[in-house]
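Novice: A single structure is presented below for examination.
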Amino acid sequence: MLSAHKVSAGFYMTDTAFIEIQDLHFTRGDHEIFRGVNMSIPRGRVTAIMGPSGTGKTTLLKLIGGQLTPDSGRILIDGQDVNRLSRKALFKLRQRMGMLFQSGALFSDLDVFENVAFPLRVHTNLPDAMVRDIVLLKLQAVGLRGARELMPSELSGGMARRVALARAVSLDPELILYDEPFVGQDPISMGVLVQLIKRLNQALELTSVVVSHDIKETLSIADYLYLIADGEVVAHGTPQMLDTHQDPRVEQFMHGQPDGPVPFHYPAQPFYDDILNHDATTRIG
Amino acid sequence: MKRSKTMELGVGLFMLAGIVGLIFLGLRVSGLSLASSTQTFHLEANFANIGSLKPRARVTMAGVTVGRVESIELDTEWYDARVVMKLDSDLEGQISRDSTAAILTAGLLGEQYIGLSIGGDPETLADGETIRDTQSAVVLEELIQQFVSSMANG
Amino acid sequence: MDANFSDILARVTRLGRKGSDLLEALGRAGLFLGQSAISVPSREGWRLWMQQMHFVGVLSLAIVLVSGLFIGMVISLQGYTILVEFGAEEALGQMVALSLLRELAPVVAALLFAGRAGSALTAEIGLMKATEQLSSMEMIGVDPLRRVVAPRLWAGFVSLPILTVGFSVVGVWGGYLVGVQWLGVFEGSYWSNMQASVTFLNDVGNGMVKSLVFAVVVTWIAVFQGYDLVPTSEGISRATTRTVVYSSLAVLGLDFVLTAVMFGGL
Numbered sequence: 021m022l023s024a025h026k027v028s029a030g031f032y033m034t035d036t037a038f039i040e041i042q043d044l045h046f047t048r049g050d051h052e053i054f055r056g057v058n059m060s061i062p063r064g065r066v067t068a069i070m071g072p073s074g075t076g077k078t079t080l081l082k083l084i085g086g087q088l089t090p091d092s093g094r095i096l097i098d099g100q101d102v103n104r105l106s107r108k109a110l111f112k113l114r115q116r117m118g119m120l121f122q123s124g125a126l127f128s129d130l131d132v133f134e135n136v137a138f139p140l141r142v143h144t145n146l147p148d149a150m151v152r153d154i155v156l157l158k159l160q161a162v163g164l165r166g167a168r169e170l171m172p173s174e175l176s177g178g179m180a181r182r183v184a185l186a187r188a189v190s191l192d193p194e195l196i197l198y199d200e201p202f203v204g205q206d207p208i209s210m211g212v213l214v215q216l217i218k219r220l221n222q223a224l225e226l227t228s229v230v231v232s233h234d235i236k237e238t239l240s241i242a243d244y245l246y247l248i249a250d251g252e253v254v255a256h257g258t259p260q261m262l263d264t265h266q267d268p269r270v271e272q273f274m275h276g277q278p279d280g281p282v283p284f285h286y287p288a289q290p291f292y293d294d295i296l297n298h299d300a301t302t303r304i305g
Numbered sequence: 401m402k403r404s405k406t407m408e409l410g411v412g413l414f415m416l417a418g419i420v421g422l423i424f425l426g427l428r429v430s431g432l433s434l435a436s437s438t439q440t441f442h443l444e445a446n447f448a449n450i451g452s453l454k455p456r457a458r459v460t461m462a463g464v465t466v467g468r469v470e471s472i473e474l475d476t477e478w479y480d481a482r483v484v485m486k487l488d489s490d491l492e493g494q495i496s497r498d499s500t501a502a503i504l505t506a507g508l509l510g511e512q513y514i515g516l517s518i519g520g521d522p523e524t525l526a527d528g529e530t531i532r533d534t535q536s537a538v539v540l541e542e543l544i545q546q547f548v549s550s551m552a553n554g
Numbered sequence: 017m018d019a020n021f022s023d024i025l026a027r028v029t030r031l032g033r034k035g036s037d038l039l040e041a042l043g044r045a046g047l048f049l050g051q052s053a054i055s056v057p058s059r060e061g062w063r064l065w066m067q068q069m070h071f072v073g074v075l076s077l078a079i080v081l082v083s084g085l086f087i088g089m090v091i092s093l094q095g096y097t098i099l100v101e102f103g104a105e106e107a108l109g110q111m112v113a114l115s116l117l118r119e120l121a122p123v124v125a126a127l128l129f130a131g132r133a134g135s136a137l138t139a140e141i142g143l144m145k146a147t148e149q150l151s152s153m154e155m156i157g158v159d160p161l162r163r164v165v166a167p168r169l170w171a172g173f174v175s176l177p178i179l180t181v182g183f184s185v186v187g188v189w190g191g192y193l194v195g196v197q198w199l200g201v202f203e204g205s206y207w208s209n210m211q212a213s214v215t216f217l218n219d220v221g222n223g224m225v226k227s228l229v230f231a232v233v234v235t236w237i238a239v240f241q242g243y244d245l246v247p248t249s250e251g252i253s254r255a256t257t258r259t260v261v262y263s264s265l266a267v268l269g270l271d272f273v274l275t276a277v278m279f280g281g282l
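Chains as they are written, first to last, in the working numbering: chain C, 21 to 305; chain L, 401 to 554; chain G, 17 to 282.
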């Protein structure tokens with residue numbers, strides 16, 4: 021199923037989609053977050069979803085995980101409509117997914133070992149010895165076998181994220197969702213995480229979805245990119261395709277230009293009016 | 401593991417303390433007694449006026465509590481009050497036929513209870529029989545009325 | 017005239033929206049209680065419940081017992097000065113026991129419980145929400161209502177009645193210390209008057225029923241506020257305050273209703 025050939029434009033036609041998002045609409049309060057998003061996420065690849073802050077990337081992951089319900093549109097995971105599933109079937113489906121949260125989201129009352137063991141304990145009846153072996157294997161993979169007795173409060177941010185990664189893959193999922201894995205990491209742990217995501221994807225043959233706005237790191241691991249802004253997919257393609265894309269919004273984002281179609285300034289009245297007209301200032305204040 | 405053992409012990413003690421506390425409230429505070437509730441017998445008495453006597457009021461003999469009032473109802477034959485008392489079974493066959501039952505008041509304004517005094521008849525009352533000689537409750541208003549009218553007459 | 021009318025219309029609309037918001041919140045809270053309280057007990061659930069019993073019950077014991085002792089002593093002291101004027105100081109035991117069992121123990125224990133355990137429950141669950149622990153639990157395929165909320169709910173339901181019993185016992189003893197040991201009320205009449213007037217079913221039983229109702233309400237408010245809060249530090253602090261305020265009001269209001277039904281001769 022998993023072909024070894026390297027990225028080239030067009031080969032995705034031959035890959036089957038693991039996640040299919042069709043005409044997704046979602047509003048929160050009065051704010052329209054998605055208006056007609058279509059995506060097709062290929063099986064066994066790393067797909068990155070990028071976009072400026074506040075475009076609802078995390079919301080998209082929650083929609084994929086079935087934690088939120090869209091206003092309209094469908095999300096199919098391996099052919100199953102996430103929002104039509106019963107609660108039980110949805111929880112069953114989630115056992116095939118792992119998710120790495122932005123903050124790590126380790127359970128603060130359990131130590132590192134028990135955190136990684138948690139999914140195994142609730143979903144399998146494996147004997148203790150086998151649980152131990154699996155947990156140590158996963159911790160070894162993220163390089164934290166020695167930290168198994170620490171509590172989450174004793175871990176650094178990067179370590180917490182690695183433990184969370186070990187927990188996310190402890191049930192050997194088919195799909196793993198990464199929510200901003202690189203945010204707030206120092207260059208070393210960033211490098212470690214990039215390595216880990218790449219290695220895990222190859223070793224476990226899983227489908228990865230990375231939500232991020234760190235361009236350099238994301239480009240280095242992604243096979244395919246979706247760029248969302250203003251509630252829509254503005255561009256998609258391989259990293260090379262997007263790098264030379266002509267759309268000014270894509271250019272601005274990919275090359276990190278401070279001003280462009282996404283303005284630097286929050287909407288305001290003209291600067292000189294604001295400075296010179298004292299009444300207007302006080303009215304705003 | 402060790403921490404969870406001491407925690408379990410703590411929770412166990414906590415729940416045990418709750419049960420012991422409830423038993424204390426039952427026995428010491430509300431005066432339930434386990435022994436007397438098992439072995440009892442009944443006597444009845446008719447009173448012309450029971451005042452404010454209530455079910456579960458004490459029944460005493462020489463000041464010692466020997467039982468409780470079980471029920472009070474209107475006897476439609478004589479139009480007086482029929483009081484059923486539950487007494488310790490130790491007294492069964494001990495209370496003579498001419499014993500008296502009086503409704504007394506604890507203190508000036510306190511609750512009302514029944515006081516039994518033993519007579520001299522060698523024959524005794526059996527379970528479910530009736531005490532003939534009774535003395536009704538003293539009603540304060542009647543007492544005052546009597547006092548006032550005697551003052552007026554005198 | 018026309019502006020006035022539209023103003024009134026806007027007010028009525030706002031009122032309507034507030035009303036439907038309130039109903040919606042109540043509905044959500046009810047659904048939440050139903051979904052989490054009904055959970056199949058398992059070995060794991062038992063262990064989690066035990067943990068919460070420790071946290072919610074055992075750790076609240078000290079404050080509840082100390083308060084109970086002082087309240088018993090105060091009633092005894094106050095009651096004595098009133099009763100002695102009527103020459104009825106023998107009725108002190110009755111007064112202490114009845115006011116504790118029927119009223120003070122359930123109410124004060126519930127208020128202390130809301131402050132000590134309720135606010136902590138809200139903050140704990142709120143923090144778990146803010147750090148995405150609840151979300152990640154859901155994504156692992158474990159229902160946080162069962163795993164996180166249910167053990168806390170049941171621990172609260174069981175703990176508060178036990179704490180109330182403790183409060184009463186210690187209070188009666190505190191009353192005895194002050195009344196009998198200090199003020200010199202005859203010991204026999206302290207206990208016998210108490211026993212003559214207190215009935216187990218009516219006084220102890222009704223007090224327990226009250227306490228159970230308060231336990232459900234306070235714990236429910238506490239965990240729901242935690243589960244439903246806005247996951248920011250401000251949201252957590254607000255929800256914690258709301259837990260204490262709502263619980264206290266609910267306890268005092270319900271106490272009146274329950275007292276009217278139980279002892280009001282209805």
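We treat Cβ as the ideally placed atom computed from N, Cα and C, and that holds for glycine. Please read all numbers here as calculations on a predicted model, not as lab measurements.
8 Å is my cut-off, CB to CB: does Ala125/C come that close to chain G?
Specialist: yes
Novice: How far does the beta strand (DSSP E) with Gln260/C in it extend, from its first residue to its last?
Specialist: Element bounds for Gln260/C: not the beta strand (DSSP E) but the alpha helix (DSSP H), 259-263.
Novice: With three or more C-beta pairs closer than 8 Å as the rule, is the segment 236-253 of chain C touching the segment 52-60 of chain C?
Specialist: yes
Novice: Would you tell me roughly how many angstroms separate the C-alpha atoms of Arg152/C and Asp43/C, rounded to the nearest one?
Specialist: Approximately 44 Å between the Cα atoms of the pair.
Novice: Any beta carbon of chain G sitting closer than 8 Å to that of Ser228/C?
Specialist: no
Novice: Which one or two residues does DSSP pair with Ile97/C in a beta bridge?
Specialist: Ile39/C, Gln100/C
Novice: What number of angstroms, rounded off, separates the C-alpha of Arg182/C from the C-alpha of Ile156/G?
Specialist: 16 Å
Novice: CA-CA distance, Met179/C and Leu274/G?
Specialist: 54 Å
Novice: DSSP on Val246/G, reduced to helix/strand/coil?
Specialist: Correct three-state label for Val246/G: coil.
Novice: Where does Asn58/C sit, in a helix, a strand or coil, going by DSSP?
Specialist: strand
Novice: In angstroms, rounded to a whole number, what distance separates the CA positions of Leu193/G and Gly187/G?
Specialist: 10 Å
Novice: Can you confirm whether Val602/L, when its beta carbon is compared against all beta carbons of chain G, has any partner nearer than 8 Å?
Specialist: Because residue 602/L is not part of the residues shown, which for chain L are 401 to 554, the question remains open.
Novice: Are the Cβ atoms of Arg168/G and Leu137/G separated by less than 8 Å?
Specialist: yes
Novice: So the alpha helix (DSSP H) Met274/C belongs to, where does it begin and stop?
Specialist: Start and end: 268-274.
Novice: From the beta carbon of Gln110/G, is the nearest beta carbon of chain C less than 8 Å away?
Specialist: no
Novice: Please name the residue or residues paired with Asp533/L in a DSSP beta bridge.
Specialist: Thr500/L
Novice: Would you be able to state if there are at least three C-beta pairs under 8 Å between the segment 103-114 of chain C and the segment 134-150 of chain C?
Specialist: no
Novice: Grab the span of the alpha helix (DSSP H) containing Arg59/G for me, first residue to last.
Specialist: Where Arg59/G is concerned, the enclosing alpha helix (DSSP H) stretches over 59-68.
Novice: Using a threshold of 8 Å, state whether the C-beta atoms of Asp234/C and Phe202/C are closer than that.
Specialist: Yes, Cβ-Cβ distance for Asp234/C and Phe202/C is below 8 Å.
Novice: Express the C-alpha separation of Ala448/L and Val533/L in angstroms, rounding to a whole number.
Specialist: Note on residue identity: the sequence assigns Asp, not Val, to residue 533/L. If you take the alpha carbons of Asp533/L and Ala448/L, they lie about 11 Å apart.
Novice: Tell me the DSSP secondary structure of Thr227/C in three-state form.
Specialist: strand
Novice: Between Leu117/G, Lys145/G, Ala266/G, which lies nearest to Met278/G when the distance is taken from Cα to Cα?
Specialist: Leu117/G
Novice: Who are Thr524/L's beta bridge partners in DSSP?
Specialist: Ser496/L
Novice: Can you give me the Cβ contacts of Val239/G inside the same chain, cut-off strictly under 7 Å, excluding the 5 residues immediately before and after it?
Specialist: Leu137, Ile141, Val165, Arg168, Leu169
Novice: Kindly list, in the order they appear in chain C, the residues whose Cβ is closer than 9 Å to that of Glu148/G.
Specialist: Phe121, Gln122, Ser123, Gly124, Ala125, Asp199
Novice: Please list, in chain order, all residues of the same chain as Glu106/G whose beta carbon is under 6 Å from its beta carbon, the five residues on each side excluded.
Specialist: Within its own chain, the residues whose Cβ lies closer than 6 Å to the Cβ of Glu106/G, once the five positions on either side in sequence are excluded, are Ser205, Asn209, listed in chain order.
Novice: Quick test of your reading: Ile217/C and Ile241/C, contact by CB under 8 Å. State the CB separation rounded to the nearest angstrom.
Specialist: About 6 Å separates the beta carbon of Ile217/C from that of Ile241/C, a gap short enough to meet the 8 Å contact definition.
Novice: What residues are listed by DSSP as bridge partners for Asp243/C?
Specialist: DSSP output for Asp243/C lists no bridge partner at all.
Novice: Are Phe133/C and Val155/C closer than 8 Å when you measure CB to CB?
Specialist: yes
Novice: Could you tell me the alpha carbon to alpha carbon distance between Leu268/G and Ser213/G, rounded to whole angstroms?
Specialist: 25 Å
Novice: What residues match up with Gly118/C in a beta bridge as DSSP calls it?
Specialist: Ile196/C
Novice: What would DSSP say about Arg27/G, mapped onto helix, strand or coil?
Specialist: helix
Novice: Note down, in chain order, every chain L residue with its Cβ under 7 Å from the Cβ of Phe216/G.
Specialist: Gly426, Ser430, Leu432
Novice: Does the count of Cβ pairs from the segment 65-75 of chain C and the segment 84-92 of chain C closer than 8 Å reach three?
Specialist: no
Novice: Kindly indicate which three-state DSSP category Gly410/L falls into: helix, strand or coil?
Specialist: helix
Novice: From the DSSP output, read off the bridge partner residues of Gly515/L.
Specialist: Answer by DSSP bridge pairing, in chain order: Thr460/L, Ala502/L.
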